[in-house]
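Asker:
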Ligand code: AMP
Ligand code: MG
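In the numbering used here, the protein residues as written are 820 to 1183.
Rendered as structure tokens:
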């Protein structure tokens, strides 16, 4: 996946970013999924800065980002030496997944090597690893020549950034931050996460662009859903995936979903006569017309009815709508089907966590 050619980042800027990382500083950089907030994965103080900057609870683990070796034929890459310092017990399935999808938007969870800092694993004995495909991320990682932890570059629980300007807005006045600009992210939602740490089965921890069917088709590996996983996984009361919190990725404006054809009911549940409501409508559907709830002002926002395109614009739309001062944002429930799981998951959590974060109702 290429970076946006309208905002190329010069080698000099990337060298500066590498220096910042080496000195224990933070650098925000583009990946094909969302922008990451990067720090040296071997530096506990740098890792602490990430948790502080994001306001993220320290028991929520981070993903280690690694460079793909610079090789003419990407299909010939030997990933074993790349992973050896980080992960134990690389299974045949792990190598199949890696060869099929790296570099790309797939994160794999392994048993960790003992040298991996527990600060980044949230105290767990597993480590999550990904090789991002974005050209700027790759160049940064290759020149840094080490692992970079990089959670999404947003305050904890909020909407993930998909442009350099989003990152700037997110940390304005909070943190002086070096931001590499790679234009808009292509995938637009976070990576698919597959847990391989049990050794015998692959378990989907977070849905993303790469679906279990695609994995089955390309590798023959069956990915199990978390519900099908062993009881001990569920009994362990650990936040294995921060995105697994019910509330996450959330705008400040209340966000709700409406069932097909039920927009009027959704509007009437919000009967404040002065309300202004943004109603997202599939581009494949006919317009709602003027017959909304009579006492509510609403405007339609057309959204793509293709899952990949909507994913690429989902956080952009949520951020833009959040800026526009609506009282409520309504999104249609995504249709059934695995290709929608990533978007549905983000919308559900975003609506659960949406609304002003303060517990008071002061800002009416
Ligand atoms: P973000 O917060 O956007 O950086 O997403 C990173 C995701 O990777 C989070 O949901 C983490 O909890 C998840 N993750 C990192 N390490 C692990 C691990 N050892 N086991 C399971 N999930 C992990
Ligand atoms: Mg995040």
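Using N, Cα and C, we set each Cβ at its ideal position, and we do this for glycine too. All values reported here derive from a predicted model rather than from experimental measurement.
At the level of alpha carbons, what is the spacing between residue 957 and residue 1028?
Answerer: Here residue 957 refers to the residue found at position 138 when the chain shown is read from its first residue. Here residue 1028 refers to the residue found at position 209 when the chain shown is read from its first residue. Cα to Cα, residue 957 sits roughly 20 Å from residue 1028.
Asker: In the DSSP output, which residue or residues are listed as bridge partners for residue 898?
Answerer: Residue numbering aside, residue 898 sits at position 79 when the chain shown is read from its first letter. Answer is none; residue 898 lacks a bridge partner.
Asker: So is residue 1005 in contact with chain D if we call contact Cβ pairs under 8 Å?
Answerer: Any reference to chain D falls outside this structure, which holds one protein chain only.
Asker: With DSSP collapsed to three states, give me the class of residue 868.
Answerer: As a position in the chain shown, residue 868 is number 49, starting the count at 1. Looking at residue 868 - three-state DSSP - the assignment turns out to be helix.
Asker: Quick one: does the C-beta of residue 849 sit closer than 7 Å to a heavy atom of the ligand MG?
Answerer: As a first step, residue 849 is located in the chain shown; it is residue number 30 there, counting from the start. It does not: the Cβ of residue 849 is nowhere closer than 7 Å to a heavy atom of the ligand MG.
Asker: Is DSSP giving residue 1120 helix, strand or coil here?
Answerer: Mapped onto the chain shown, residue 1120 falls at position 301. DSSP places residue 1120 in strand when its eight states are reduced to three.
Asker: Is residue 1055 buried or exposed, if buried means 16 or more other CB atoms sit within 10 Å of its CB?
Answerer: Residue mapping note: residue 1055 aligns to position 236 of the chain shown, counting from 1. Because the pLDDT at residue 1055 is just 45, under 50, the model does not fix this residue reliably, and the value given afterwards should be weighed accordingly. The residue in question, residue 1055, is exposed, as its Cβ has fewer than 16 Cβ neighbours within 10 Å.
Asker: Please tell me whether residue 1037 and residue 974 are closer than 8 Å, where the distance is taken between their beta carbons.
Answerer: For this step, residue 1037 is matched to residue 218 along the chain shown. For this step, residue 974 is matched to residue 155 along the chain shown. No; because the gap between Cβ atoms is not below 8 Å, this pair is not in contact.
Asker: Between residue 881 and the ligand AMP, is the CB less than 7 Å from at least one heavy atom?
Answerer: Translated into the one-based positions of the chain shown, residue 881 becomes position 62. Correct: residue 881 has its Cβ closer than 7 Å to the ligand AMP.
Asker: Helix, strand or coil, according to DSSP, for residue 1218 in the structure here?
Answerer: Because the chain in this structure spans residues 820 to 1183, residue 1218 falls outside the shown range and cannot be described.
Asker: Decide if residue 908 is buried, meaning its Cβ has at least 16 other Cβ atoms within 10 Å, or exposed.
Answerer: Counting from one through the chain shown, the residue named residue 908 turns up at place 89. Label assigned to residue 908: exposed.
Asker: So residue 1168 packs on residue 1043, CB below 8 Å; how close in whole Å?
Answerer: One-based indexing of the chain shown puts residue 1168 at position 349. One-based indexing of the chain shown puts residue 1043 at position 224. 21 Å between Cβ atoms; not a contact.
Asker: For residue 1175, count neighbouring C-beta atoms within 10 Å of its own C-beta (all shown protein chains included) and say buried if the count is 16 or more, exposed if not.
Answerer: On the chain shown, position 356 is the one that residue 1175 refers to. Exposed.
Asker: Please identify the residue among 1021, 842 and 939 whose C-alpha is closest to the C-alpha of residue 970.
Answerer: Taking the first residue of the chain shown as 1, we reach residue 970 at position 151. Answer by Cα proximity: 939.
Asker: Name the residue from 994, 931, 905 and 851 whose alpha carbon lies nearest to the alpha carbon of residue 871.
Answerer: Here residue 871 corresponds to residue number 52 of the chain shown, with the count starting at 1. Of the candidates 994, 931, 905 and 851, the one whose C-alpha sits nearest the C-alpha of residue 871 is 994.
Asker: Let me check understanding here. Comparing Cα to Cα, which of 864, 1144 and 915 lies closest to residue 1039?
Answerer: Numbered from 1 along the chain shown, position 220 holds the residue referred to as residue 1039. Checking every option, the nearest Cα to that of residue 1039 belongs to 915.
Asker: Mind checking which residues open and close the alpha helix (DSSP H) that includes residue 831?
Answerer: Here the question's residue 831 lines up with position 12 in the chain shown. 830 to 841 is the span of the alpha helix (DSSP H), which, as asked, contains residue 831.
Asker: Only counting the same chain, and skipping five residues up and downstream in sequence, which positions put a Cβ closer than 6 Å to that of residue 988?
Answerer: Residue numbering aside, residue 988 sits at position 169 when the chain shown is read from its first letter. Nothing listed; no residue qualifies.
Asker: Assuming residue 920 is part of the alpha helix (DSSP H), what are its boundary residues?
Answerer: Numbered from its first residue, the chain shown carries residue 920 at position 101. Taken as a continuous stretch (DSSP letters only), the alpha helix (DSSP H) holding residue 920 covers 911 to 920.
Asker: Provide the residue(s) that pair with residue 1077 in DSSP beta bridges, ordered along the chain.
Answerer: Locating residue 1077 in the chain shown gives position 258, where the first residue counts as 1. Answer is 1151.
Asker: In whole angstroms, what separates the C-alpha of residue 983 from that of residue 886?
Answerer: What you label residue 983 is simply residue 164 of the chain shown in a count that begins at 1. What you label residue 886 is simply residue 67 of the chain shown in a count that begins at 1. If you take the alpha carbons of residue 983 and residue 886, they lie about 21 Å apart.
Asker: Below 7 Å, is the gap between the Cβ of residue 928 and the nearest heavy atom of the ligand AMP?
Answerer: As a first step, residue 928 is located in the chain shown; it is residue number 109 there, counting from the start. Under cutoff, so the answer is yes.
Asker: Buried or exposed for residue 1015, please, with buried defined as at least 16 other CB atoms from any protein chain shown within 10 angstroms of its CB.
Answerer: By 1-based counting over the chain shown, the position of residue 1015 is 196. Residue 1015 is buried by the Cβ-count criterion.
Asker: What does DSSP give as the partner residues of residue 1069 in its beta bridges?
Answerer: Here residue 1069 refers to the residue found at position 250 of the chain shown. Residue 1069 pairs with 977.
Asker: In this structure, what does DSSP give as the bridge partners for residue 1136?
Answerer: Reading the chain shown from its first residue, position 317 is the one you call residue 1136. Residue 1136 is not bridged to any residue.
Asker: Compute the beta-carbon to beta-carbon distance between residue 846 and residue 999, rounded to the nearest angstrom, for a pair I have assumed lies under 8 Å.
Answerer: Position 27 of the chain shown, counted from the first residue, corresponds to residue 846. Position 180 of the chain shown, counted from the first residue, corresponds to residue 999. With 8 Å as the limit, residue 846 and residue 999 qualify as a contact, their Cβ atoms being about 7 Å apart.
Asker: Throw me the rounded Cβ distance for the residue 853 and residue 981 pair, which I believe falls under 8 Å.
Answerer: What you label residue 853 is simply residue 34 of the chain shown in a count that begins at 1. What you label residue 981 is simply residue 162 of the chain shown in a count that begins at 1. 6 Å between Cβ atoms; contact.
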